[in-house]
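Engineer: Per our numbering: the sequence shown = residues 105 to 632.
Just so you know, even glycine gets a beta-carbon here, dropped at the ideal spot from N, CA and C.
Quick one: the structure is below, and I'll ask about it shortly.
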Amino acid sequence: MADLAPADDLLIPFADATFPLAVGLDLGSSSARAVAMDAWGRAVARVKLPYSWTATTGGRVEIDADLVADLADQAVDGVLARLGEAAGSVAALGGSALWHSLVGVDAAGSAVTPATLWGDRRAVHEAASLATELDAAAARERTGSHLHPSFPPARIRWYQEHEPARAARVARWCTLADYIAWRRTGALVQSVSLASASGLYDQHAGGWDREILAALGLTPERLPRLVERDEPLPPLLGPYARRWAPIAGAPWYPDIGDGVAANVGSGCLTPRRLALTVGTTAAVRVVTEHPPRAIPPGLFRYQLDRRRSVVGGATSNAGNGVVWLAGLTRLPEPPELDAEIALRTPGAHRLDVLPFLAGERSPSWSLAAVGVVEGLTLATTPVDLAHAWMEAVAYRCALLRDALAGDTTIGVPADAPLVVSGSALRHYPSWLQIFADVLGAPVTLPANTESSARGAALLALDAAGVLPASLAEVAERDAVHGRAARVVQPLPARHAVYRRLMARHARLEARVPLDPRDPGGLDTTPAA
């Protein structure tokens, strides 16, 4: 049999795999991944293909939808090639995809707009306008989302007002994941999970929100058909069926939100365990079958499926800030930077940072947040900036954890453990200690590096009825108590210092008011 994986100690030997296999596909903020998993959610092969979004000073953040679709297809090619003959043992495929993406397609199903995502800030004015036209609080309770430029309603309005000719060509609005699935199957559908984070979906009524659609001049027919996560997609179209012959007969399930997929992949399926994801961005989330009808201030409420909700918050800035600093300064390479930060004491940089380079979502949901660094001197170094950034991101996540734990209807225990995932913490283990110290709680880093892909694969096997145990049992195995899971304990003395530094962080945020009518000087006019 062909070699099934490159040298990678986080892939299990193929001889140890439990059949059947599944493929989890993860369409993230920075890459397309395809991961072959065994029946217990252990990776046996993986392919990762990176891509970059175009960002401009005008707030534009976009990418060519067909470029991403091609890379996603190539990731599938790659993982099937790594599996070789074993590709015929794939019993199901499932996907996780970044929430809040938007693509406009024409009547033939071709993309007529680039793909945009949560970081696109052009629609600041449109978000503010929608908030005055609608009952913003009522809309938030129905949709679980804010009227904010990170969500599709404001971006759709932006296209209508600034690029009307292009908007007129759009027959239907969808997510990037929907568009990729349409290319493969000819069907434009969207999972309840992705819809629930769009700001266009009424979670109480279980369908597209007619009040918001009316404000945008849309009807439900202008959006994808809604499906549950366990409803297989139509069969692959001929060219794809031939291209991927070994899996052409396997059920392929709709993409769900990458955040809730990470909860599943991390074994966080109840409010008794929190999922903390730190990658390009950061988030803290719980899954519950009894979500609060009144969403806690600063948080969101999306869905895994019609039965289970995910409540939490997401900050738009985490690993992206370290990447930005590396391009701007002479920042040491990750191993050297990590070693330097590990030796530092809390706040040693003497800086205060609002880490809002890509705007901000939870918990403030400011329409126009921008990054702030206070305390710069001639002695400030790139490592100081990186250290201050990492601490500030941890402060934002602590605010989210506190908001979740403070709502008694959700049922998060005061000592709820956190299971972490995301590439940023694997590149910088010192950041893991910062999180533990800021949160004042143990954090567990599982051996599995692909929590979202793992969650998608497990849910696909569950939908196909071939999991070897219950979803909860399989999701928790390895993710929390399995091989090489690393638990980092907080240091009480450092936690006490960080609580004082967090108070200073809050005072800085309070001193930097941002008026949504003057969004940080953003030029939101279309590009020439």
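So proline 450 and tyrosine 602 are in contact, right, with Cβ under 8 Å, and what is the actual spacing, rounded?
Structural biologist: The residue you call residue 450 lines up with position 346 of the sequence shown. The residue you call residue 602 lines up with position 498 of the sequence shown. That pair is a contact at about 5 Å.
Engineer: Compare the C-alpha of valine 476 against each of Pro459, Leu320, Ala387, Pro521 and name the closest.
Structural biologist: In the sequence shown, the residue the question calls residue 476 occupies position 372. Closest option to valine 476, Cα to Cα, is Pro459.
Engineer: Taking all protein chains shown into account, decide if alanine 121 is buried (16 or more other Cβ within 10 angstroms of its Cβ) or exposed.
Structural biologist: On the sequence shown, position 17 is the one that residue 121 refers to. Per the 10 Å Cβ criterion, buried.
Engineer: For isoleucine 511, which of helix, strand or coil comes out of DSSP?
Structural biologist: Within the sequence shown, residue 511 is the residue found at index 407, counting from 1. Correcting the residue identity first, residue 511 is aspartate in this sequence and not isoleucine. Secondary structure of aspartate 511 (DSSP, three-state): coil.
Engineer: Does DSSP classify alanine 551 as helix, strand or coil?
Structural biologist: Residue numbering aside, residue 551 sits at position 447 when the sequence shown is read from its first letter. Alanine 551: coil per DSSP, three-state reduction.
Engineer: For phenylalanine 404, does the three-state DSSP call read helix, strand or coil?
Structural biologist: The residue labelled residue 404 in the question sits at position 300 within the sequence shown. Strand at phenylalanine 404.
Engineer: By DSSP, does cysteine 372 sit in helix, in strand, or in coil?
Structural biologist: Along the sequence shown, read from residue 1 onward, the residue named residue 372 stands at position 268. Cysteine 372: coil per DSSP, three-state reduction.
Engineer: Alanine 201 to leucine 131, Cα distance in whole Å?
Structural biologist: The residue given as residue 201 occupies position 97 in the sequence shown. The residue given as residue 131 occupies position 27 in the sequence shown. C-alpha separation (whole angstroms): 5 Å.
Engineer: Using a Cβ-Cβ cut-off of 7 Å (strictly less than) and excluding sequence neighbours within five positions of aspartate 442, which residues of its own chain qualify?
Structural biologist: Locating residue 442 in the sequence shown gives position 338, counting from the first residue. Closer than 7 Å at the Cβ level, and outside the excluded window around aspartate 442, lie Tyr532, Pro533, Ser534.
Engineer: I'd like to know whether the C-beta atoms of histidine 478 and leucine 612 end up nearer to each other than 8 Å.
Structural biologist: Start at 1 with the first residue of the sequence shown, and residue 478 comes out as number 374. Start at 1 with the first residue of the sequence shown, and residue 612 comes out as number 508. Going by the sequence as given, residue 478 is glutamate instead of histidine. For glutamate 478 and leucine 612, yes; Cβs fall inside 8 Å.
Engineer: On the CB-based measure, 16 or more other CB atoms within 10 Å of its CB, does phenylalanine 255 come out buried or exposed?
Structural biologist: Position 151 of the sequence shown, counted from the first residue, corresponds to residue 255. It counts as buried.
Engineer: So arginine 598 and aspartate 519 are in contact, right, with Cβ under 8 Å, and what is the actual spacing, rounded?
Structural biologist: Against the sequence shown, residue 598 aligns to sequence position 494. Against the sequence shown, residue 519 aligns to sequence position 415. Not quite, the Cβ-Cβ distance comes to about 18 Å (not below 8 Å), so this is no contact.
Engineer: Spatial neighbours of threonine 381 within its chain, please: CB distance less than 6 Å, with the 5 preceding and 5 following residues excluded, ordered by chain position.
Structural biologist: Working through the sequence shown from its first residue, we reach residue 381 at position 277. Here the set comprises Ala366, Ala387, Ser525, Gly526.
Engineer: I'd like to know whether the C-beta atoms of valine 390 and proline 375 end up nearer to each other than 8 Å.
Structural biologist: The residue given as residue 390 occupies position 286 in the sequence shown. The residue given as residue 375 occupies position 271 in the sequence shown. Contact: yes.
Engineer: Please return the same chain residues whose Cβ sits closer than 8 Å to the Cβ of proline 594, not counting the five positions on each side in sequence.
Structural biologist: Against the sequence shown, residue 594 aligns to sequence position 490. Excluding residues within five positions, the ones whose Cβ falls inside 8 Å are Ala540, Asp541, Leu543, Gly544, Ala545, Pro546.
Engineer: I need the straight-line Cα distance from proline 124 to valine 194, nearest angstrom please.
Structural biologist: Taking the sequence shown and counting its residues from 1, the one referred to as residue 124 is at position 20. Taking the sequence shown and counting its residues from 1, the one referred to as residue 194 is at position 90. Cα to Cα, proline 124 sits roughly 6 Å from valine 194.
Engineer: Since serine 233 is in the alpha helix (DSSP H), which residue starts that stretch and which ends it?
Structural biologist: Counted from its first residue, the sequence shown places residue 233 at position 129. Looking at the DSSP string, the run of the alpha helix (DSSP H) that includes serine 233 is 228-237.
Engineer: Roughly how far, in whole angstroms, is the beta-carbon of valine 415 from the beta-carbon of threonine 392, given that I think they are within contact range, below 8 Å?
Structural biologist: Within the sequence shown, the letter at position 311 stands for residue 415. Within the sequence shown, the letter at position 288 stands for residue 392. 6 Å between Cβ atoms; contact.
Engineer: Would you mind giving the Cβ-Cβ distance between alanine 136 and alanine 179, rounded to the nearest angstrom? I have them listed as a contact below 8 Å.
Structural biologist: Locating residue 136 in the sequence shown gives position 32, counting from the first residue. Locating residue 179 in the sequence shown gives position 75, counting from the first residue. Confirmed, about 5 Å.
Engineer: Taking Cβ positions, are leucine 549 and leucine 536 nearer each other than 8 Å?
Structural biologist: Here residue 549 corresponds to residue number 445 of the sequence shown, with the count starting at 1. Here residue 536 corresponds to residue number 432 of the sequence shown, with the count starting at 1. Using a Cβ distance threshold of 8 Å, leucine 549 and leucine 536 count as a contacting pair.
Engineer: Per DSSP, what kind of secondary structure is alanine 545 in: helix, strand or coil?
Structural biologist: As a working note, residue 545 is residue 441 in the sequence shown. Note: alanine 545 maps to coil in three-state DSSP.
Engineer: Within 8 Å, do at least three Cβ pairs link the segment 258-271 to the segment 306-325?
Structural biologist: Touching, yes.
Engineer: Which residue comes first and which comes last in the beta strand (DSSP E) that contains tryptophan 277?
Structural biologist: Taking the sequence shown and counting its residues from 1, one reaches residue 277 at position 173. 276-278 is the extent of the beta strand (DSSP E) around tryptophan 277.
Engineer: Answer yes or no: do alanine 528 and glycine 423 have a C-beta to C-beta separation smaller than 8 Å?
Structural biologist: The sequence position of residue 528 within the sequence shown is 424, counting from 1. The sequence position of residue 423 within the sequence shown is 319, counting from 1. The Cβ-Cβ distance between alanine 528 and glycine 423 falls below 8 Å.
Engineer: Is the beta carbon of proline 355 sitting closer than 8 Å to the one on proline 336?
Structural biologist: By 1-based counting over the sequence shown, the position of residue 355 is 251. By 1-based counting over the sequence shown, the position of residue 336 is 232. Yes.
Engineer: Please list, in chain order, all residues of the same chain as leucine 658 whose beta carbon is under 7 Å from its beta carbon, the five residues on each side excluded.
Structural biologist: What is shown of the chain runs 105 to 632, which leaves residue 658 out entirely.
Engineer: Under the rule that 16 or more other beta-carbon atoms within 10 Å means buried, what is histidine 252, buried or exposed?
Structural biologist: As a working note, residue 252 is residue 148 in the sequence shown. Result: buried.
Engineer: What are the boundary residues of the beta strand (DSSP E) that leucine 461 is part of?
Structural biologist: Indexing the sequence shown from 1 puts residue 461 at position 357. Unbroken run through leucine 461: none, as it is neither H nor E.
Engineer: Would you report the Cα separation of arginine 333 and tryptophan 469, rounded to the nearest angstrom?
Structural biologist: Numbered from its first residue, the sequence shown carries residue 333 at position 229. Numbered from its first residue, the sequence shown carries residue 469 at position 365. So the alpha carbons of these two residues sit roughly 29 Å apart.
Engineer: Can you tell me whether glutamate 495 is buried or exposed, with buried defined as 16 or more other CB within 10 angstroms of its CB?
Structural biologist: Position 391 of the sequence shown, counted from the first residue, corresponds to residue 495. Flag for glutamate 495 reads buried.
Engineer: Counting only the same chain and skipping the five closest in sequence on each side, list residues whose C-beta sits under 8 Å from that of alanine 490.
Structural biologist: As a position in the sequence shown, residue 490 is number 386, starting the count at 1. Same-chain partners within the cutoff: Val426, Leu429, Leu435, Leu441, Ile445.
Engineer: So, do the segment 285-293 and the segment 340-359 have three or more beta carbon pairs nearer to each other than 8 Å?
Structural biologist: yes
Engineer: Assign alanine 571 to one of three DSSP states: helix, strand, or coil.
Structural biologist: Along the sequence shown, read from residue 1 onward, the residue named residue 571 stands at position 467. For clarity, residue 571 is leucine in the given sequence; the question names alanine instead. DSSP places leucine 571 in coil when its eight states are reduced to three.
Engineer: Under 8 Å: do the segment 270-281 and the segment 158-165 share three or more Cβ pairs, one atom per stretch?
Structural biologist: no
Engineer: Quick check on aspartate 622: buried or exposed, where buried means 16 or more other Cβ atoms within 10 Å of its Cβ?
Structural biologist: In the sequence shown, counting from the first residue as 1, residue 622 sits at position 518. In this prediction, aspartate 622 has a pLDDT of 45, which is less than 50 and means its spatial position is unreliable; what the coordinates show is noted afterwards. Using a 10 angstroms sphere on the CB of aspartate 622, the tally of other CB atoms stays under 16, which defines it as exposed.
Engineer: Go ahead and pull the three-state DSSP assignment for tyrosine 283.
Structural biologist: Here residue 283 refers to the residue found at position 179 when the sequence shown is read from its first residue. Residue state, collapsed to three classes: helix.
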